[in-house]
Amino acid sequence: MNAHVEAPRAPSRAAGGEVLLRVDDVSLSFGGVKAIRGVSFDILKGEIRAIIGPNGAGKTSMLNVINGFYHPQEGTITFKGSVRSDMRPYEAASQGISRTFQNVALFRGMTTLDNIMSGRSLKMHRNFLWQLLYYGPARQEEIANRRKVEEIIDFLEIPQIRNTPVGRLPYGLQKRVELGRALAMEPELLLLDEPMAGMNLEEKEDMSRFILDVNQYFGTTIALIEHDMGVVMDLSDRVLVLDYGQKIADGTPDEVKADQDVIDAYLGVAH
Amino acid sequence: MDLLYDILIDPFVQMFAAPDFLLQVLWEGFVAGTLYALLALGFVLIFKASGVFNFAQGIMVVFAALSLVGLHALGVPAYLALVLALAIMGVLAISVERVVLRHLVNQPDIILFMATIGITYFLIGLGEFVFGGEPKSMITEELGLPTGSTDIEIFGGLLIMQHIDIAAAVIAALLVGGLAFFFSVTRIGRALRAVADDHQAALSVGISLNQIWVIVWFAAGIVALATGIMWGARSDVSFALQIIALKALPVLVLGGFTSVPGAIIGGLIIGFGEKLFEIYWGGLIGGGIESWFAFVIALIFLLFRPQGLFGEKIIERI
Amino acid sequence: MFYREAGQFKTSYEADQALFPVRQDQIGIVAVLAIAFVAVPVFGSEFFITSIMIPFLVFSLAAIGLNILTGYCGQISIGTGAFMGVGAYSCYKMTTFFPDVNIIVLVLTSGFFSAAIGMIFGLPSLRIKGFYLVVTTLAAQFFLEWCFIRIGWLYNYNDSGAIEVPHREAFGLILTGASAPPVVRYLVVLSIVCVLTMLAVNVIRGRIGRSWMMIRDMDIAAELMGVRPLYAKLSAFAFSSYYCGVAGALMVFFWLGAAEVESFDVNHSFLILFMVIVGGLGSIAGSFMGAAFIWILPVVIRGFPGTFGLDVGAATVEHINFMLIGGLIVFFLIVEPAGLARLWSVGRQKLRVWPFPY
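Residue numbers (my numbering), protein chains in the order written: chain S, 6 to 276; chain B, 556 to 873; chain U, 76 to 433.
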C-alpha cells in the first residue's frame, strides 16, 4: 500500500455496473431558497463519482440529502434497491453510507484513536451490563475493533498521532483522520466533501492515493465533491455538474470538460 | 368525571362568576409580568451585546437596591443616594470587565456563563458582608415614587390598583422604549450587536471590546437599579430576590434572549399565566405552584419551538 | 526522573488500554486506596471522618454523576440537588416499607428511582439543545422541590416536614441512625463510592461512553455515524441520575442523619456544578478533586480564625467563603478552564521530564 500508485483506470467498471444509489427528481428548499431543483442521477457500484459545480450549486446539500441530514420536499432516493422519499441518518449509516465533511466534523474532545473508534459504533453491540463489567466480552469487542482501527491507522500512515487530541492536529491531518473515521464504518458508499480543500500538492497526492486505494482494494463506491479539476479528471469515472441547484451535465470527465454549459457556468456567463 | 369538571369547567365558571376578582387577578398578573420583564431586560441587554447570559443580573439587582438603601441609611439624601448607587454600579461594571471579562475574550459562551455564576457568588458574599443579610425596606417615598392606591368600581366589585405598580409599568415601558431605540439606531448600538455575534470579528473591525463591555454592564446596572427599586417597593430588599431572578430564564425563553420588546411579552405571558393558574387551578394540586410553573410553561413552549417564541430558526449547516 | 516511563513497553492492546498503564500510577493508586481504607479509619479523628471525609465522598459521587451528564455527554443540568433528593426520599420510603432489608441494598436501589425521574426530565433534551436545557433541568429542580414539600407521604406525614434516619443494622454492625459509629459509616460510603466509580470508569471507556462523548462534541456527526441521540442522551440522564440518587441517599442516611427540602435545593445543584467545573469537565479524577476543593476549602477557612486566635463571627466567615468560592471559580475559568484535572496532567507531564525543563 506504500507503493507509488499509478493504477490504470478501468473504464469497464463504470459501464454496465449495477446501480448502487439513484436520486430521482429531488428538490430541496430552505424557506424561500431552493437549494436543489429537480436533480436526478445515479451512482454505479464500484465507481468514483465526482460532483462539481461553482460555489452555492447545492453539492453539499445533495450529499446531506443522501445522508439523511436534509429531507427533500420532492423526489425519491433509491439505495440498494429500496426506494424512499427521504433518508434517516441512522438508516443511512446502518445501510453502509458514510462521509466526510466540508468543515472537518471531528470530535474535538477525543484523540485520533477514539475518533476512528467512534466510526465502529455500529459494529459494537455488547449490552449495558457487559459494559459495566468491562472485563470479558465488552473488552474483547473493544480489542477486536481496536485491531481494525489500527489497520486503518496503518493504511493512512498516521500512527504517530494516534493519541493526540484531534483539536491540536494541523488541518491536513485532521482531514485524514476524518477519512479514517468514515472508513471505520466499512461503508459501501463513501461520500467525501472536498477532501482536498486547503491541502498542498504533496498532501493532495497522498489523499488521492488513499482514495484510489480505498476504491480498488475495498471496492468502496465513492462520491466526491471537489474543486481541483486536475484531481477530478484524474480520479473519477463519471462526473455530475451542478449549478444553481440544477444538473447541467453528467458524463465522463472528457465529455464534461468539453460541455459548453459547464464552461459557461465556471466562467460566469449569465444564464 | 368530577376531576375533569374541576379542571376544565369549574375554573372558568369561577372566573366569570366574579369578574371583578378576575380583573384583580389579571391586574396582579400584569404587575408581576412587568416586574419579570424588568428583570429580563437586564439579561437581554448583556446577552444582546456580548452573547453572555449574565447569571449575576439577579444579584446585581439586589446589590443595587442594597447600595441605595444602605447609602440612605447612612444619611445621604435620597436623590444623591440614587446617583451614588448608579456610580457604584458603574464601578462594578468596570471591575467586572477588567477582572473577569477581559481575560475570557473568545472563550465559549458556556465558560462565560459559568464565570457569571462565580461573580454571583462573590457578590452575594460581598453584599452580605457589607450590608448584612436581613431584609431592608425600600425608600419609596423619599425617591418620590407614588404610594397609596386607587380603587375602581367595576363589575359590581372593586379593582384595587397600587400606584407604585402603575409607576412600575410606566418606568418599564420607558426603559424598553429607550433601549429598543438605542440598539437599533445608534452607532454604539450597532457595535453592541456586532460584539454579541463574534468577539474576534468585532475586534478586527476596530470595536473596542473593553469599552463596549463596560457600557453594557453599566446599562445593565442601571436597569438592575430600576428593577431593584420597583421590586423592593413591593416587597423588601433581600437576598431571596436573587433566586427569583432565575425566573427571568423562562421569560427569556418565551421572549427571546436578544429581543427587548420580547422581554415584555415574555414577562407578561409568564406573569398572567402564573397568577391565573395559581388562583384558579392551584387549589387542585395544593397551591404554591409559582416556584415552578413558569419553568413548565417555558418547557412546553420549547418543545414546540426549540428556538423560543422569537428566536431565529436555527438551520444547522454541516 | 521518578516518573520516567522508559522501559515500560506495551505489547498488547489490552495492556495499552489498561486503566493505569504506567507503573508509577499503579503504585500510586494502591497507595491512595491503602490510605483511604486503612490509614484514615485508624488515624483519622471523628471530626475529620464525619465532617470532611464522608461528605467529600458523597459529593464526589454526585459530582461523578453530574460530570457524566454535563462533562461527558454535554447536557447541562442544574437539577442535581433534586435528583439527589429523589434518591434520599425513595430510600426513606423503602426502608419504611421494608425495615428488615439491608439498608445498603436499599440505598443502591433508590438510585433507580432517580434514574427513572432523570430519564423523564431528560426527554426534552431530544428537542432542546445547549443552553436552553437549563430551563428543563431548573423546571425539574423546582418542581421536585415542590413535591418534596407538598407530598406528605414522602416524609411519612411528619410534622416538621423533615425525614429522620432510623436505626438500621447489618453484618452485626450498626449502620445508620444516631448510634452508628463514624468509622462504620465511612467504610460503607467508601466501599460504595469505590465500586460505583469503577463501574462508571468501565462504562465511559466503552462504546456507551464513547457515544456520549460523540453527542457532546458534535451531535449531528454522531447521528450520521449511527449513534441514536435518543438512546445516548436518555442513557446519560439515567446513568447520571442514578449516581446522584445514590449520593443523595448516602448523604441523608450516612452523613446528615436527617434531611429537609433545603438539603436538595438549587444551591446544592450549583455547588455540585462548581465542583465539576473546578475539578474538570469530562474527568472522573477531576470530580474527586473538585469535590475535595470546594468542600474542604470552606472547612479550612472556617477553622482558620480559630487556629490563629482571631475572633471572627461565623456569619462573616460564611460571607468570606462565598466570596472566595466565587472568586476561585472565576480564577479557574480564566487560568485553566479544564479544571484541576488538567492541572494535574500538566503536572505529571512536567514530572515526566523532570529535572529537565522539557
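Where is the CB? At the ideal position from N, CA and C, for every residue including glycine.
Interface partners of Met-300(U) on chain S, CB under 8 Å: Ala-98, Ser-103, Ser-123, Gly-124, Ser-126, Leu-127, Arg-186 and Met-190
Beta-carbon gap between Val-193(U) and Phe-217(U) smaller than 8 Å: It should be pointed out that residue 193(U) corresponds to Gly in this sequence rather than to Val. It is not a contact, given that the beta carbons lie outside the stated cut-off.
Near-chain S residues of the segment 314 to 340 of chain U (beta-carbon distance less than 7 Å), N- to C-terminal order: none
Euclidean distance between Cα positions of Gly-82(U) and Val-97(U): 11 Å
Partner residues on chain U for Met-115(S), Cβ-Cβ distance less than 9 Å: Arg-285, Met-288, Met-289 and Asp-292
Beta carbon proximity, Ile-861(B) to chain U, threshold 8 Å: The question names Ile, but residue 861(B) is Pro in the sequence shown. Yes, Pro-861(B) lies at the interface with chain U (some Cβ there is under 8 Å from its Cβ).
Cα-Cα separation, Leu-667(B) to Gly-140(U): 23 Å
Near-chain U residues of the segment 636 to 647 of chain B - C-beta to any C-beta below 8 Å: For the segment 636 to 647 of chain B, there are no residues whose beta carbon sits under 8 Å from a beta carbon of chain U.
Sufficient close CB pairs (3 or more, under 8 Å) joining the segment 748 to 757 of chain B to the segment 563 to 583 of chain B: no
Residue from Leu-641(B), Ile-715(B) and Leu-621(B) with nearest C-alpha to Pro-690(B): Nearest C-alpha to Pro-690(B): Leu-621(B).
Opening and closing residue of the alpha helix (DSSP H) in which Val-512(U) lies: The displayed coordinates of chain U run from 76 to 433. Any statement about residue 512(U) would go beyond what the structure contains.
Cα-Cα separation between Phe-827(B) and Ser-34(S), rounded to whole angstroms: Rounded to the nearest whole angstrom, the CA to CA distance from Phe-827(B) to Ser-34(S) is 39 Å.
Spatial distance of Ile-253(S) from Glu-207(S) (CA atoms): 32 Å
C-alpha distance - Ala-138(U) paired with Ala-307(U), whole-angstrom precision: 20 Å
Coarse secondary structure for Lys-168(U), derived from DSSP in three states: helix
Lys-425(U) classed as buried or exposed, judged by whether at least 16 other C-beta atoms fall within 10 angstroms: exposed
Residue closest to Tyr-230(U), alpha-carbon to alpha-carbon, out of Lys-168(U), Ile-203(U) and Pro-257(U): Lys-168(U)
C-beta contact flag for Ile-400(U) and Tyr-591(B) at 8 Å: no
Interface flag, Gly-821(B) vs chain U, CB-CB below 8 Å: no
Own chain partners of Phe-368(U) with C-beta closer than 6 Å, once the 5 adjacent residues on each side are dropped: Around Phe-368(U): Val-353.
Every unbroken alpha helix (DSSP H) inside the segment 193 to 252 of chain S [4 residues or more]: The DSSP assignment places 206 to 222 and 234 to 240 as complete runs of the alpha helix (DSSP H) inside the segment 193 to 252 of chain S, in order along the chain (cut-off: 4 residues).
Contact list for Gln-78(S) against chain U, beta-carbon separation under 7 Å: What Gln-78(S) touches in chain U: nothing, since even the nearest Cβ is about 20 Å away.
Chain-ordered chain U contacts of Phe-74(S) [CB-CB under 9 Å]: Ile-295, Glu-298 and Leu-299
Span of the alpha helix (DSSP H), counted from its first residue to its last, around Ser-117(S): Correcting the residue identity first, residue 117(S) is Thr in this sequence and not Ser. Element bounds for Thr-117(S): 117 to 123.
Backbone CA spacing between Ala-413(U) and Ser-420(U) [nearest angstrom]: 11 Å
Cβ-based burial, Ser-650(B) [other Cβ within 10 Å; buried from 16]: exposed
Closer than 7 Å at the beta carbon, the chain S residues around Gly-281(U): Gln-136, Tyr-139, Ala-143 and Glu-147
Top-ranked residue by Cα proximity to Leu-730(B), from Trp-772(B), Thr-782(B), Ile-707(B) and Ile-762(B): Thr-782(B)
Start and end residues, beta strand (DSSP E) containing Lys-39(S): Where Lys-39(S) is concerned, the enclosing beta strand (DSSP E) stretches over 38 to 49.
Among Ala-149(S), Thr-225(S), Glu-146(S) and Gly-63(S), the one whose alpha carbon lies nearest that of Leu-184(S): Thr-225(S)
heavy atom of the ligand FMN below 7 Å from Gly-402(U) C-beta: Absent from the structure shown: the ligand FMN. Ligands present: none.
CA-to-CA distance, Ile-674(B) to Asn-342(U), given in whole angstroms: 15 Å
Neighbourhood of Phe-118(U) by C-beta, 7 Å cutoff - its chain only, sequence neighbours within 5 removed: none
Trp-287(U) versus Ile-121(S) - alpha carbon distance: As the crow flies, the alpha-carbon of Trp-287(U) is around 15 Å from that of Ile-121(S).
Cβ-based contacts, 8 Å cut-off: residues of the segment 844 to 856 of chain B near chain U: Ile-844, Ser-846, Trp-847, Phe-850, Val-851, Ala-853 and Leu-854
C-beta contact flag for Thr-589(B) and Ala-727(B) at 8 Å: yes
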